[in-house]
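**Q** Below is a structure I'd like to ask you about.
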Amino acid sequence: MQTNLDSTTTTDAQYFWQEKQANGHLRLGLNAQGQDEVGEVSFVDYPDDLTSLQVGDVLASVESSKSVLDLYTPIAGKVAKLNVALLEHPEQLNATDQKLNWLVELY
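Using the working numbering, you'd call the opening residue of the sequence shown number 114 and step up by one each time.
Quick look at the structure:
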C-alpha cells in the first residue's frame, strides 16, 4: 500500500511533533497524522553512529503495516538521545503518549 510519507514529504513538519524539554533539548516524534500515514509499526532502526542531523537526513527506518520507509528529519541539530526503547518495542511509536512515542532529542 502506498503512503504519503516518502522522501519528498517526510521532512515536512506536518508529520512530526516537537517539544522543548526542561534541559533545553528538543524532542521529536511522529504526530497523529504521521502515525496514520505510517500505519502500525513493527520495526524501528536508527542509522549507525547518529550524532547530528541536517534537514532531510535519515532519522530512522520503519517497517509498518503499510510500508517500509525511512523517516527524514524536518529539523537540524546534534543528537542528545535516541529513544532506544523503540528498538525492542517499535509499537510504542504508535502510542498517543509522547513519553513513549518520541524518536530523538536534539540540542
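Virtual Cβ for every residue (Gly too), placed ideally from N, Cα, C. Just so we're clear, the structure is a prediction, and the values are computed from it rather than from any experiment.
Measure the alpha-carbon distance for residue 216 versus residue 135 and round it to whole angstroms.
**A** Position 103 of the sequence shown, counted from the first residue, corresponds to residue 216. Position 22 of the sequence shown, counted from the first residue, corresponds to residue 135. Cα to Cα, the separation comes out at about 17 Å.
**Q** Are residue 171 and residue 182 touching if we call contact CB-CB under 8 Å?
**A** Position 58 of the sequence shown, counted from the start, is the residue given in the question as residue 171. Position 69 of the sequence shown, counted from the start, is the residue given in the question as residue 182. No, the Cβ-Cβ distance between residue 171 and residue 182 is not below 8 Å.
**Q** If you compare alpha carbons, which of 208, 153 and 161 is closest to residue 180?
**A** Here the question's residue 180 lines up with position 67 in the sequence shown. Looking at the Cα atoms, 153 is the closest of the given residues.
**Q** Just how far apart, CA to CA, sit residue 202 and residue 213?
**A** Taking the sequence shown and counting its residues from 1, the one referred to as residue 202 is at position 89. Taking the sequence shown and counting its residues from 1, the one referred to as residue 213 is at position 100. Between residue 202 and residue 213, the C-alpha separation is close to 10 Å.
**Q** Mapping DSSP to helix, strand and coil, what is residue 151?
**A** Along the sequence shown, one-based indexing puts residue 151 at 38. Here residue 151 sits in helix by DSSP.
**Q** Would you mind giving the Cβ-Cβ distance between residue 150 and residue 185, rounded to the nearest angstrom? I have them listed as a contact below 8 Å.
**A** As a first step, residue 150 must be located in the sequence shown, where it is residue number 37. As a first step, residue 185 must be located in the sequence shown, where it is residue number 72. The Cβ separation is near 13 Å, so there is no contact.
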